[in-house]
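Asker: The numbering used here puts the last residue of the sequence shown at 101; the count rises by one with no breaks.
Positions of the beta carbon are idealized from the N, C-alpha and C atoms, including for glycine.
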Amino acid sequence: MTGDERLRATVSALDDPTCRAILEALDEPTAAATLAERCDVSSSTVYRKLERLQRAGLVERRVVIRADFSQTVRYATTFDEISIGVDDLRAAQLAADGR
3 MTGDERLRAT VSALDDPTCR AILEALDEPT AAATLAERCD VSSSTVYRKL ERLQRAGLVE
63 RRVVIRADFS QTVRYATTFD EISIGVDDLR AAQLAADGR
């Protein structure tokens, strides 16, 4: 994904109230079902929004192995802070402080 495409995907995701609610709820790696409860939306909506956030590079999917060797999936943010601004040439800039 080019820088412009990433910027558009990020701004578009941040413009979505449900995506913002999911990002706010991701204070630690969290299962999709838990996010659905916290954000009061359906599981299908959460999965759709998580996919959008992953495409924008804001969320990553992590497979966690439990003590009994079963697997579970958790989602986590990929940043500590996001800053979007306009430089002197009026070109949009995106800076994400990665984890």
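#1: What residue range is occupied by the uninterrupted beta strand (DSSP E) comprising T74?
#2: Exposed or buried, I67, counting other C-beta atoms within 10 Å across all chains shown (16 or more means buried)?
#3: Can you give me the start and stop residues for the beta strand (DSSP E) that V13 sits inside?
#4: With DSSP run on the structure shown, which of helix, strand or coil describes V48?
#5: With L28 and R22 assumed to form a contact (beta carbons below 8 Å), what rounded beta-carbon distance in angstroms separates them?
Answerer: Taking the coordinates as given:
#1: Q73 to T79
#2: exposed
#3: Per DSSP, V13 belongs to no beta strand (DSSP E); it is in the alpha helix (DSSP H), G5 to D17.
#4: helix
#5: The Cβ separation is near 11 Å, so there is no contact.
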